[in-house]
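Undergrad:
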Amino acid sequence: MSDNTIEPGSTRRRTLPRNGAAAGLVLGFLLAATSLIVNLAPIVVTGVSDAYGLDADTAGFVFAANVLGTSLGALVLSPLVEKINWRKSAAVTIVLMIGVDFATAVLGINANLFVLRFLSGLGVGAMIAMVFSVYSKTSHPERMIAYFTLLVIFLSGSLLVILPVYIEEVGISVLWYTLIVFYALALLTLPFLDSYPPLPDKDEATSTHRAPALFIASILLAVFLFQVGTMASFIFAIEIGISHGMDFAMASGIVGVTYWVGAAGALFVIWLATKKGRTKPLLFLGILVSFGSLFLLSSFIWAFLFACVTLSLGFSMYLPYLMGVAAEMDNTGKAAAFSAFSSSVGLAFGPAIGSLLVGDDDFSKVVYLTAGLYSISVLLAFAPAKMLDKKNYSERVTW
7 MSDNTIEPGS
17 TRRRTLPRNG
27 AAAGLVLGFL
37 LAATSLIVNL
47 APIVVTGVSD
57 AYGLDADTAG
67 FVFAANVLGT
77 SLGALVLSPL
87 VEKINWRKSA
97 AVTIVLMIGV
107 DFATAVLGIN
117 ANLFVLRFLS
127 GLGVGAMIAM
137 VFSVYSKTSH
147 PERMIAYFTL
157 LVIFLSGSLL
167 VILPVYIEEV
177 GISVLWYTLI
187 VFYALALLTL
197 PFLDSYPPLP
207 DKDEATSTHR
217 APALFIASIL
227 LAVFLFQVGT
237 MASFIFAIEI
247 GISHGMDFAM
257 ASGIVGVTYW
267 VGAAGALFVI
277 WLATKKGRTK
287 PLLFLGILVS
297 FGSLFLLSSF
307 IWAFLFACVT
317 LSLGFSMYLP
327 YLMGVAAEMD
337 NTGKAAAFSA
347 FSSSVGLAFG
357 PAIGSLLVGD
367 DDFSKVVYLT
377 AGLYSISVLL
387 AFAPAKMLDK
397 KNYSERVTW
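Taking this note's numbering, the leading residue of the sequence shown gets 7, the next gets one more, and so forth.
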């Protein structure tokens, strides 16, 4: 599918080619920059606890307010994405996010942190819904999403190393001002991006504008279950390593290094896209992460390393294909936006469910849960992916 086939008319101003690598990187930066806080959970929880004198549980609830806001923001925006001017809406959202984080930095403990972080989360969720809606209007959504995961890994990985040093020296305000800088940079990218109108219908007389509801529900549930399984184990990854006899430095080092391995996986998705269809990559990666996650149960270092690699590849490779399938479920971007909501809810539920299953440093139930949810996710994604492959094996399906 070329740009001309999905562009109903020329734009009045010059923007980046909607399906090109430059647009993928800029869109990826826009979303990565405005959703950074989701991937900085350890810094947020520890930093808020130390800076404001809160216990760990209370600090955790502050971050939970952020995640709750993200889920609600994505839910509210999902049915509206086809009716709004996404660039103007994104600009307003980012400006409001800057205001909220500035208030958090200035007011500190004197402000109601729960309310401010909830409001910030609403903005994050709205941005996620809008950008994923845009992804659905490109020729290869899975490739565009892989650009995002690549940048998330790079930015989050870098900030997780750099920020703690400055937070310890200057205070938690460094985190809020850092987020503001990234928000401002994200705001500057908007003029370079296309308006991404809905894809033209394949046949106006017969088009349903979307896939059958059962396929949409199946892929949305697959996204949700995958994210629940991922977060249930990922938040305990270091503790699992320690329970196998590793010290903190070794366990955290393995988790950190394998997190960066995901960048290579994202680059592979960018190259491969749908050259081999959707079903084959989904099945291979889904089976790999389902089987590989079970190695968390082993006390061998090589097994723990392999398990952490598979968790990283699940995020950087399996998830882009999964959400890419969701993005192709309609022409308007609603399905993609709802997949972003499903993902956000899964990210919120995963840690809670994992925490309920952990007892006396026994993480086996959590690992079995992750492997089981991954397996169910693959089964749920199979039929929607196969249906898309039958309609168009290597290009974006329109309805």
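Ideal placement from N, C-alpha and C gives every residue a C-beta, glycine not left out.
Sorted by chain position, which residues of the same chain lie with C-beta nearer than 7 Å to Val158's C-beta, five sequence neighbours on each side aside?
TA: Within the same chain, Val158 has close Cβ partners Ala38 and Asn45.
Undergrad: Going by DSSP, what residue range makes up the alpha helix (DSSP H) through Leu300?
TA: Taken as a continuous stretch (DSSP letters only), Leu300 belongs to no alpha helix (DSSP H), as it is neither H nor E.
Undergrad: Of all the options Gly251, Pro170, Ile168 and Lys143, which has the alpha carbon lying nearest to the alpha carbon of Leu199?
TA: It is Lys143 whose Cα lies nearest to the Cα of Leu199.
Undergrad: Which of the three DSSP states, helix, strand or coil, is assigned to Arg24?
TA: Arg24: coil per DSSP, three-state reduction.
Undergrad: Can the beta-carbon of Ile100 be found less than 8 Å from the beta-carbon of Leu226?
TA: Contact flag unset, no.
Undergrad: Grouping DSSP H, G and I as helix and E and B as strand, with all else coil, what is Arg93?
TA: DSSP places Arg93 in helix when its eight states are reduced to three.
Undergrad: Give the secondary structure of Phe149 by DSSP, where H, G and I count as helix, E and B as strand, and everything else as coil.
TA: For the record, residue 149 in the displayed sequence is Arg; it is not Phe. DSSP places Arg149 in helix when its eight states are reduced to three.
Undergrad: How close, in whole Å, do the beta carbons of Phe69 and Ala47 come, if the pair is a contact with beta carbons under 8 Å?
TA: Yes, they are in contact, since the Cβ atoms of Phe69 and Ala47 sit about 6 Å apart, within 8 Å.
Undergrad: Going by CA-CA distance only, name the one from Gly360, Val315 and Asp395 that's closest to Thr408.
TA: This structure leaves residue 408 out entirely; the chain is present only between 7 and 405.
Undergrad: With a 10 Å radius around its C-beta and 16 neighbouring C-beta atoms as the bar for buried, classify Ile168 as buried or exposed.
TA: Classification for Ile168: exposed.
Undergrad: With DSSP as the reference, please indicate the residues paired to Asp336 in a beta bridge.
TA: In DSSP, Asp336 forms a bridge with Arg216.
Undergrad: At 3 residues or longer, what runs of the beta strand (DSSP E) sit wholly inside the segment 66–125?
TA: None, since the segment 66–125 contains no complete beta strand (DSSP E) of that length.
Undergrad: Hey, quick one: how far does the alpha helix (DSSP H) through Phe321 stretch, first residue to last?
TA: Taken as a continuous stretch (DSSP letters only), Phe321 belongs to no alpha helix (DSSP H), as it is neither H nor E.
Undergrad: Could you pull the start and end residues of the alpha helix (DSSP H) that Met252 belongs to?
TA: Met252 -> no alpha helix (DSSP H), and no H or E assigned at all.
Undergrad: What is the rounded straight-line gap between the Cα of Ile134 and the Cα of Ala255?
TA: Going by the C-alpha atoms only, they are around 34 Å apart.
Undergrad: From Leu385 to Thr21, what distance separates their C-alpha atoms?
TA: One C-alpha to the other measures close to 40 Å.
Undergrad: Could you check what DSSP says for Gly283 in three-state terms: helix, strand or coil?
TA: Looking at Gly283 - three-state DSSP - the assignment turns out to be coil, as it is neither helix nor strand.
Undergrad: Counting pairs of Cβ atoms below 8 Å between the segment 319–331 and the segment 285–301, do you hit three or more?
TA: Yes, the segment 319–331 touches the segment 285–301.
Undergrad: Nearest-angstrom Cα distance between Ser239 and Thr110?
TA: If you take the alpha carbons of Ser239 and Thr110, they lie about 31 Å apart.
Undergrad: If you draw a straight line from the alpha carbon of Ala391 to that of Gly283, how long is it in whole angstroms?
TA: Taking the straight line from one Cα to the other gives about 8 Å.
Undergrad: Just the Cα atoms here: how many angstroms apart are Tyr202 and Ser304?
TA: Approximately 48 Å, taken between the alpha carbons.
Undergrad: Write down the C-beta distance between Val373 and Ser258 rounded to the nearest angstrom, noting that I regard them as a contact closer than 8 Å.
TA: Going by Cβ atoms, the distance from Val373 to Ser258 rounds to 19 Å, so no, they are not a contact pair.
Undergrad: Applying the criterion that 16 or more other CB atoms from any shown protein chain within 10 Å of the CB defines a buried residue, is Gly34 buried or exposed?
TA: Under this definition Gly34 is a buried residue.
Undergrad: Check each candidate in Ala71, Val331, Gly177 and Asn25 and name the one with the smallest Cα separation from Leu288.
TA: For Leu288, the nearest C-alpha among the options comes from Val331.
Undergrad: Mark Lys94 as exposed unless 16 or more other C-beta atoms lie within 10 angstroms of its C-beta, in which case mark it buried.
TA: Per the 10 Å Cβ criterion, exposed.
Undergrad: Just checking my contact of Thr76 with Gly131 at CB under 8 Å: how many whole Å lie between their CB atoms?
TA: Yes, they are in contact, since the Cβ atoms of Thr76 and Gly131 sit about 4 Å apart, within 8 Å.
Undergrad: Report yes or no: do three or more beta-carbon pairs, one from the segment 308–315 and one from the segment 352–372, lie closer than 8 Å?
TA: Result no; under three Cβ-Cβ pairs closer than 8 Å.
Undergrad: What does the Cβ neighbour count give for Ile43, buried or exposed, with the cut at 16 atoms within 10 Å?
TA: Ile43 is buried by the Cβ-count criterion.
Undergrad: Determine contact between the segment 219–236 and the segment 344–353, defined as no fewer than three beta-carbon pairs at a distance below 8 Å.
TA: Verdict: yes, contact present.
Undergrad: If you measure between the beta carbons of Phe407 and Phe160, is that distance less than 8 Å?
TA: Shown here, the chain extends from 7 to 405; a query on residue 407 therefore has no answer.
Undergrad: Are the C-beta of Val54 and some C-beta of chain C separated by less than 8 Å?
TA: Note that chain C does not occur in the displayed structure, where there is just one protein chain.
Undergrad: Smallest Cα separation from Ile6: which of Asp367, Arg402 and Ala333?
TA: Absent from the model: residue 6. The displayed extent of the chain is 7 to 405, so no value can be given.
Undergrad: So what's Asp367 in DSSP terms, helix, strand or just coil?
TA: Three-state result, Asp367: coil.
Undergrad: Could you have a look at Phe306 and say whether DSSP puts it in helix, strand or coil?
TA: Coil, per DSSP.
Undergrad: Among Tyr141, Gly378, Ser381 and Met335, whose alpha-carbon lies nearest the alpha-carbon of Val403?
TA: Out of Tyr141, Gly378, Ser381 and Met335, Met335 has the C-alpha closest to the C-alpha of Val403.
Undergrad: On a Cα-Cα basis, can you pick out the residue from Phe232, Lys397 and Leu273 that is closest to Ala377?
TA: The option with the nearest alpha carbon to Ala377 is Phe232.
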